[in-house]
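The sequence shown lines up with residues 11 to 186 when you count with our numbering.
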Amino acid sequence: MKTTLKIITILLLIFLFLGVEAKQKKSKKESIKMTKNNETDKTKVIKTPEEWKKQLKPFVYNVLREKGTERPFTGEYDKFYESGTYFCAGCGHKLFDSDTKFNSGCGWPSFYAPSESENIVEIMDTSHGMTRTEIQCAHCNGHLGHVFTDGPKPTGLRYCINSASLRFEPKVEKED
Ligand SMILES: [Zn+2]
Numbered sequence: 011m012k013t014t015l016k017i018i019t020i021l022l023l024i025f026l027f028l029g030v031e032a033k034q035k036k037s038k039k040e041s042i043k044m045t046k047n048n049e050t051d052k053t054k055v056i057k058t059p060e061e062w063k064k065q066l067k068p069f070v071y072n073v074l075r076e077k078g079t080e081r082p083f084t085g086e087y088d089k090f091y092e093s094g095t096y097f098c099a100g101c102g103h104k105l106f107d108s109d110t111k112f113n114s115g116c117g118w119p120s121f122y123a124p125s126e127s128e129n130i131v132e133i134m135d136t137s138h139g140m141t142r143t144e145i146q147c148a149h150c151n152g153h154l155g156h157v158f159t160d161g162p163k164p165t166g167l168r169y170c171i172n173s174a175s176l177r178f179e180p181k182v183e184k185e186d
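Right, dumping it as structure tokens:
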């Protein structure tokens, strides 16, 4: 009699344990799914050309939305080496750090790496009879510039970016 009770108790415990585990697995799956959905909703910035025109200065609109190129050596950030962060002029996502900026002599702001690789996308560009890799903001798909493989160490890359596509914010010194 005692043994039967023991067996029943053990079986009950096993069932309880299995039930709890199944529930936990389910809720984990659900929360992963929810985070994914939220991420895609949050990061994409979709606007009509009219909305962009209202928001952006004409020369910025031309570069970001019509893939224009500012004339070399004329951009605001070409000969500019202050410490800070460069954001997308269209949607404000972080794109480059001043630590990775270097003087390439090409006439446009040059960086050897993006600050967050998930904030930029590379697109094959065969316009003007050349094969180049275009760089766009991953969130608003604004045109930023091109990436070339003749950059300095450590990446060997040169992100050649229009000043018009960028908005600079100086580094804020911490107050003691
Ligand atoms: Zn953007």
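In this text, a Cβ means the ideal position worked out from N, Cα and C, and glycines have one as well.
Take the Cβ of residue i as the centre, count every other Cβ of all protein chains shown within 10 Å, and call the residue buried at 16 or more, exposed below.
i      : result
Glu80  : buried
Lys54  : exposed
Ser41  : Bear in mind that a pLDDT of 45 at Ser41, under 50, signals an unreliable position, so the number given afterwards is only what the model happens to contain. Label assigned to Ser41: exposed.
Lys111 : buried
Leu15  : exposed
Phe121 : buried
Ile187 : Outside the displayed range of the chain (11 to 186) lies residue 187, so it cannot be described from this structure.
Gly161 : buried
Gly85  : buried
His138 : exposed
Do you know whose CA, among the options, lies nearest residue i's CA?
i      : options                      : result
Glu126 : Glu60, Pro162, Asp107        : Asp107
Leu114 : Asn172, Lys52, Arg168        : Just to set this straight, residue 114 is Ser in the shown sequence, not Leu. Nearest C-alpha to Ser114: Arg168.
His149 : Thr143, Pro180, Arg75        : Arg75
Cys101 : Glu86, Leu15, Leu66          : Leu66
Phe158 : Trp62, Ala123, Lys89         : Ala123
Glu144 : His138, Gly155, Ser137       : Gly155
Tyr91  : Asp160, His138, Asp109       : Asp109
Lys77  : Pro164, His153, Ile171       : His153
Trp118 : Ile133, Lys89, Ser137        : Lys89
Asn129 : Pro180, Gln146, Pro68, Ile56 : Gln146
Pro180 : Asn172, Met140, Lys104       : Lys104
Checking the sheet assignment: what are the DSSP bridge partners for residue i?
i      : result
Leu176 : Cys98
Glu132 : Ile145
His156 : Glu144, Cys170
Asp109 : Beta-bridge pairing links Asp109 to no other residue.
Ser120 : Phe112, Cys170
Lys104 : Phe97
Report all residues from its chain with a CB closer than 8 Å to the CB of residue i; omit the five preceding and five following residues, and keep chain order.
i      : result
Asn151 : Val131
Ala99  : Leu66, Val70, Leu74, Gly152, Ala174, Ser175, Leu176, Arg177
Glu116 : Reading the sequence as shown, one finds Cys at residue 116 and not Glu. Counting only Cβ-Cβ distances below 8 Å, and skipping sequence neighbours, we find Pro82, Arg168, Cys170.
Lys57  : Gln65, Cys150
Trp62  : Tyr71, Leu74, Arg75, Gly100
Considering only residues of the same chain and omitting the five flanking positions on each side of residue i, which have a CB-CB separation below 7 Å?
i      : result
Phe178 : Tyr87, Gly94, Tyr96
Gly166 : Thr159
Lys64  : none
Ile59  : Note on identity: in this sequence residue 59 is Pro, with Ile being the wrong assignment. Correct list, in chain order: Arg75.
So, at 6 Å on beta carbons, what are the nonlocal neighbours of residue i in its own chain, with the 5 sequence-adjacent residues on each side left out?
i      : result
Val182 : none
Pro164 : none
Asp135 : Arg142, Glu144
Asn172 : Val73, Glu80, Gly155
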